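Enquirer: Residue numbers (the working numbering): 46 to 328. No residue lacks a Cβ here, since even glycine has one placed at the ideal position from N, Cα and C. Every value quoted in this text rests on a predicted model; they were computed, and no experiment measured them. Please read through the structure below; I'll follow up with questions.
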């Protein structure tokens, strides 16, 4: 089994470009540093350095190990912080679907801020898949999305069940059939609710001749009321709007039932993330 202290010695030698300077930085004698390097190479059965004229040059295998070493040491640091920190603090980069940000987040954020005032929150809204991509790229810590992918790098915690409904101008609701020519008023590509609307249209053997992408549910609902076309939103969102001039219809359960998840990277644990998940589940 590889000793983390050996990885620290290895990393220090690479960063200081030699055993002598690394030994000084680590407050060890050079012979001890050399012995730890040889022990590590023996355990891995690879050469981490090229040794020529009393000079060390890191090998390609050594560079790969250095990358893993950085990740291991970061995980160690995060684990120690998670287990020893009394209260969550620092920056929490949060993302959410706009509908959830409007209908679900206000009470959660208020509760979280009251309980953990040392945490600074940055919030951005976007469609589900762009949010997931930002989590995977390390740009966001935690996101509230629907239909997350089955990715082994992600931790997904179910938090809400939403009922999606088809919305349309009030006059259309009085008709048994929708107009022959339809326009979809929807969120941008990557939105899970837009994907569900497209699946519903396909199940009805219908297509939309035009798609108007609007990055705001408030604007989208207003456009539907104005007669522009159809959309699909959570029923919980409609409670926040004056829905005069708007009609809606239920759709099949497999389309309507949308689960919302809190999603983060498994290798990015923090007390701030854990506390936010706990506050959300208590909502």
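Tell me, to the nearest whole angstrom, how far the beta carbon of residue 92 is from that of residue 106; I am working on the premise that it is less than 8 angstroms.
Expert: In the chain shown, counting from the first residue as 1, residue 92 sits at position 47. In the chain shown, counting from the first residue as 1, residue 106 sits at position 61. 7 angstroms between Cβ atoms; contact.
Enquirer: Looking at C-alpha atoms only, which residue of 245, 274, 264 is the closest neighbour of residue 255?
Expert: For this step, residue 255 is matched to residue 210 along the chain shown. Among 245, 274, 264, the Cα nearest to that of residue 255 is on 274.
Enquirer: Keeping to the same chain, check which residues put their C-beta closer than 7 angstroms to that of residue 227; ignore five residues upstream and five downstream.
Expert: Reading the chain shown from its first residue, position 182 is the one you call residue 227. 251, 253, 254, 274, 275.
Enquirer: If I follow the unbroken beta strand (DSSP E) through residue 229, where does it start and stop?
Expert: The residue labelled residue 229 in the question sits at position 184 within the chain shown. It spans 228 to 231 - the beta strand (DSSP E) in which residue 229 sits, taken as one unbroken run.
Enquirer: Check whether the region 133 to 142 and the region 150 to 165 are in contact - that is, three or more C-beta pairs closer than 8 angstroms.
Expert: Short answer: they touch.
Enquirer: If you draw a straight line from the alpha carbon of residue 326 to that of residue 319, how long is it in whole angstroms?
Expert: Taking the chain shown and counting its residues from 1, the one referred to as residue 326 is at position 281. Taking the chain shown and counting its residues from 1, the one referred to as residue 319 is at position 274. Residue 326 and residue 319: Cα-Cα distance of roughly 11 angstroms.
Enquirer: Pop quiz: residue 231 and residue 241 are said to be a contact at Cβ under 8 angstroms. What is the actual Cβ separation, rounded to whole angstroms?
Expert: Indexing the chain shown from 1 puts residue 231 at position 186. Indexing the chain shown from 1 puts residue 241 at position 196. Going by Cβ atoms, the distance from residue 231 to residue 241 rounds to 10 angstroms, so no, they are not a contact pair.
Enquirer: Please go through the same chain and pick out, in chain order, the residues whose beta-carbon is closer than 6 angstroms to the beta-carbon of residue 65, but skip the five residues on each side of it.
Expert: For the purposes of this step, residue 65 is taken as residue 20 along the chain shown, with counting starting at 1. These residues qualify, in order along the chain: 75.
Enquirer: Give a yes or no on whether the C-beta atoms belonging to residue 168 and residue 277 are separated by under 8 angstroms.
Expert: As a position in the chain shown, residue 168 is number 123, starting the count at 1. As a position in the chain shown, residue 277 is number 232, starting the count at 1. Contact flag unset, no.
Enquirer: Consult DSSP for residue 57 and reduce its assignment to one of helix, strand or coil.
Expert: Sequence index remark: in the chain shown, residue 57 carries index 12 (1-based). In the structure shown, residue 57 sits in a helix (DSSP, three-state: H, G or I).
Enquirer: Identify the continuous beta strand (DSSP E) that holds residue 92 and give its terminal residues.
Expert: Translated into the one-based positions of the chain shown, residue 92 becomes position 47. Segment: none, residue 92 is in no beta strand (DSSP E) and carries neither H nor E.
Enquirer: Can you check which of these residues, 305, 285, 289, is closest to residue 269 by C-alpha distance?
Expert: Position 224 of the chain shown, counted from the start, is the residue given in the question as residue 269. Checked all of 305, 285, 289; the closest Cα to residue 269 is 289.
Enquirer: Please classify residue 86 as buried or exposed, where buried requires at least 16 other C-beta atoms within 10 Å of its C-beta.
Expert: One-based indexing of the chain shown puts residue 86 at position 41. With 16 or more Cβ atoms within 10 Å of its Cβ, residue 86 is classed as buried.
Enquirer: Is it buried or exposed, residue 279, if we count other Cβ atoms within 10 angstroms and call 16 or more buried?
Expert: Here residue 279 refers to the residue found at position 234 of the chain shown. That one is buried.
Enquirer: With a 10 Å radius around its C-beta and 16 neighbouring C-beta atoms as the bar for buried, classify residue 177 as buried or exposed.
Expert: Mapped onto the chain shown, residue 177 falls at position 132. It counts as buried.
Enquirer: Answer yes or no: do residue 317 and residue 133 have a C-beta to C-beta separation smaller than 8 angstroms?
Expert: In the chain shown, counting from the first residue as 1, residue 317 sits at position 272. In the chain shown, counting from the first residue as 1, residue 133 sits at position 88. Yes. Within cutoff.
Enquirer: In angstroms, rounded to a whole number, what distance separates the CA positions of residue 102 and residue 56?
Expert: Reading the chain shown from its first residue, position 57 is the one you call residue 102. Reading the chain shown from its first residue, position 11 is the one you call residue 56. The alpha-carbon atoms of residue 102 and residue 56 are separated by roughly 13 angstroms.
Enquirer: If you measure between the beta carbons of residue 200 and residue 285, is that distance less than 8 angstroms?
Expert: As a first step, residue 200 is located in the chain shown; it is residue number 155 there, counting from the start. As a first step, residue 285 is located in the chain shown; it is residue number 240 there, counting from the start. For residue 200 and residue 285, no; Cβs fall outside 8 angstroms.
Enquirer: Determine, using beta carbons only, whether residue 95 and residue 58 come nearer to each other than 8 angstroms.
Expert: On the chain shown, residue 95 is found 50 positions in, with the first residue counted as 1. On the chain shown, residue 58 is found 13 positions in, with the first residue counted as 1. Contact flag unset, no.
Enquirer: May I have the straight-line CA-CA distance separating residue 309 from residue 171, to the nearest angstrom?
Expert: For this step, residue 309 is matched to residue 264 along the chain shown. For this step, residue 171 is matched to residue 126 along the chain shown. Straight-line Cα distance between these residues: approximately 16 angstroms.
Enquirer: Give the single residue among 214, 212, 213, 189 whose Cα lies nearest to the Cα of residue 202.
Expert: Taking the chain shown and counting its residues from 1, the one referred to as residue 202 is at position 157. Residue 202 has its Cα closest to that of 189, out of 214, 212, 213, 189.
Enquirer: Return the residue from the list 249, 235, 195, 311 that minimises the CA-CA distance to residue 116.
Expert: Walking along the chain shown from the start, residue 116 turns up at place 71. The shortest C-alpha separation from residue 116 is found at 311.
Enquirer: Among 212, 281, 233, which has the Cα closest to the Cα of residue 260?
Expert: The residue labelled residue 260 in the question sits at position 215 within the chain shown. The shortest Cα separation from residue 260 among 212, 281, 233 belongs to 233.
Enquirer: How about residue 266 and residue 291: do their beta carbons lie closer than 8 angstroms?
Expert: The sequence position of residue 266 within the chain shown is 221, counting from 1. The sequence position of residue 291 within the chain shown is 246, counting from 1. Yes, Cβ-Cβ distance for residue 266 and residue 291 is below 8 angstroms.
Enquirer: Could you tell me if residue 146 is buried or exposed, where buried requires 16 or more neighbouring beta carbons within 10 angstroms of its beta carbon?
Expert: In the chain shown, residue 146 corresponds to position 101, counting from 1. Label assigned to residue 146: buried.
Enquirer: If we ignore side chains and look at the alpha-carbon of each, how far apart do residue 191 and residue 304 end up?
Expert: As a first step, residue 191 must be located in the chain shown, where it is residue number 146. As a first step, residue 304 must be located in the chain shown, where it is residue number 259. Cα to Cα, the separation comes out at about 6 angstroms.
Enquirer: Anyone know if the C-beta pair for residue 293 and residue 282 falls short of 8 angstroms?
Expert: Position 248 of the chain shown holds residue 293. Position 237 of the chain shown holds residue 282. Against a cut-off of 8 angstroms, the Cβ pair of residue 282 and residue 293 comes out as no contact.
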